[in-house]
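Under mature numbering (1 follows the signal peptide of the UniProt record, and there is no 0), the letters of the sequence shown match residues -21 to -1, 1 to 225, in that order. Heads up, the thing below is written out as structure tokens.
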Amino acid sequence: MRLRSSHIVLVLALCSSVSLAQAPQTPGPSPADPAPAAPASSEPSTSPPEAPAQPQQPATAQPAPAPAAPAAPAPAQEAARTTLFPNPSDPTGIEEGVLTAKPAAVLSGISTWDEAFTNLKNAVAKLEAELKKAGIPPAGRPLTIFVDTDDNGFKYETMIPVAQVPEGKSELTPDIKFGKTPEGKALRFVHKDAYDEIDGTYETITAYLDIKEIVAEDAFIEEYVSEFTDSQDTDFEVNIYVQPKR
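Structure, rendered in structure tokens:
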């Protein structure tokens, strides 16, 4: 197949050469004068010049991470409130000492014996709340002076010692006045049991005073070493102060 195709190509090539040889030669047209070159345009190119390459900005140093904020200090715990006798109480013994008067916030009231625990608890809570609202820190344990008693109930002054009375103030609220805790010689007895059982401790105190022939002031003082919970709390601790008559 390849040989037949080559033969046909050769014949066509010879025929073409013969035709070219027999055709008379005619002079070709004179070459046209070359067109004059277009003058260079005097108008500046409208294409904007290439912007110069922007210099490479140096790498910005990343600021070092801020140091972690120091942990907030734990709030200072409230200083332990001292009792009227500063040394620890002894539930098995009786202690003699001298009470030093301290400034205090005082709330007066009247109660029946059946409602004694509830009313005293509420009085302490009210004093605590008003002192906190006024920004006055307590400086001792709450206490109650039983000013007058009878078979039906009692008059009382519940108070909380403070370090200092605000200058020029005679009251914290219309119900709460500023006063002082008791002062002078005293005997301290300790009740550590449910408040409902405190009558038994008072019977022991009365027996002791009779044996020692000590005549005591009519008013007696309860200092609440424990927080008020309920009248059946057998861990409730109360210091009872009895002051001999002068």
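Even for Gly, the Cβ is constructed at its ideal location relative to N, Cα and C.
- Which residues in the same chain have their Cβ closer than 6 Å to the Cβ of Tyr220, if we skip the five residues on either side of it in sequence? If you number the sequence shown from 1, residue 220 lands on position 241. Hits under 6 Å: Ala165, Arg167 and Ile200.
- Message: If you reduce the DSSP assignment to three classes, tell me which class Phe96 lands in.
- Response: Here residue 96 is taken as the residue at index 117 of the sequence shown, counted from 1. Helix at Phe96.
- Kindly confirm or deny that the stretch 179 to 194 and the stretch 131 to 143 touch, where touching means at least three C-beta pairs closer than 8 Å. no
- Element boundaries [beta strand (DSSP E), containing Leu188]: As a position in the sequence shown, residue 188 is number 209, starting the count at 1. Run containing Leu188: none in the beta strand (DSSP E); it sits in the alpha helix (DSSP H), Ile177 to Lys191.
- Message: Please determine whether the Cβ atom of Phe199 lies at a distance below 7 Å from any heavy atom of the ligand GDP.
- Response: Summarising the ligand content, the structure contains no ligands, and the ligand GDP is consequently not present.
- Message: Helix, strand or coil, according to DSSP, for Pro10 in the structure here?
- Response: Looking up residue 10 in the sequence shown gives position 31. Here the model assigns Pro10 a pLDDT of 44, short of 50, so the residue's position is not dependable, and the following value carries that caveat. Looking at Pro10 - three-state DSSP - the assignment turns out to be coil, as it is neither helix nor strand.
- Message: Within the continuous beta strand (DSSP E) that includes Glu74, where are the two ends?
- Response: Along the sequence shown, read from residue 1 onward, the residue named residue 74 stands at position 95. Taken as a continuous stretch (DSSP letters only), the beta strand (DSSP E) holding Glu74 covers Glu74 to Leu78.
- Item | Contact belief for Glu216 with Val169 at Cβ below 8 Å, rounded distance in angstroms | Stepping through the sequence shown from its first residue, residue 216 is reached at position 237. Stepping through the sequence shown from its first residue, residue 169 is reached at position 190. Their Cβ separation, rounded to whole angstroms, is 7 Å, which keeps Glu216 and Val169 in contact under 8 Å.
- Between Leu151 and the rest of its own chain, which residues show a CB-CB distance below 8 Å, the 5 nearest in sequence each way excluded? Here residue 151 refers to the residue found at position 172 of the sequence shown. So the qualifying residues of the chain are Ala84, Glu109, Leu110, Ala113, Ile115 and Phe157.
- Item | Contact set for Phe133: own chain, Cβ-Cβ below 8 Å, skip 5 residues either direction | Reading the sequence shown from its first residue, position 154 is the one you call residue 133. Cβ within range, chain order: Ile89, Ser90, Trp92, Ala95, Phe125, Val126 and Asp127.
- Item | Pick from Lys171, Pro70 and Met138 that is closest to Ile155, judged by C-alpha positions | Working through the sequence shown from its first residue, we reach residue 155 at position 176. Nearest C-alpha to Ile155: Met138.
- Query: Under the three-state reduction of DSSP, which class applies to Ala84: helix, strand or coil?
  - Reply: Against the sequence shown, residue 84 aligns to sequence position 105. Strand.
- Message: Am I right that Glu162 and Thr79 are in contact with their C-beta atoms under 8 Å? What's the rounded C-beta distance?
- Response: The sequence position of residue 162 within the sequence shown is 183, counting from 1. The sequence position of residue 79 within the sequence shown is 100, counting from 1. With a Cβ gap of about 6 Å, Glu162 and Thr79 count as contacting.
- Message: Under DSSP, the beta strand (DSSP E) around Phe207 begins and ends at which residues?
- Response: The residue given as residue 207 occupies position 228 in the sequence shown. No beta strand (DSSP E) contains Phe207, which DSSP labels as neither H nor E.
- Message: If you follow the beta strand (DSSP E) that Pro65 is in, where does it begin and where does it stop?
- Response: Working through the sequence shown from its first residue, we reach residue 65 at position 86. Run containing Pro65: none; DSSP gives neither H nor E here.
- Task: Tell me Ala195's beta-bridge partners as DSSP assigns them.
- Result: Translated into the one-based positions of the sequence shown, residue 195 becomes position 216. In the DSSP output, where bridge partners are listed per residue, Ala195 has Pro223.
- Could you have a look at Leu151 and say whether DSSP puts it in helix, strand or coil? Your numbering for residue 151 matches position 172 in the sequence shown. Note: Leu151 maps to coil in three-state DSSP.
- Task: Would you kindly report the start and end of the unbroken beta strand (DSSP E) that includes Gly163?
- Result: For the purposes of this step, residue 163 is taken as the residue at position 184 of the sequence shown. That run of the beta strand (DSSP E) goes Gly163 to Lys171.
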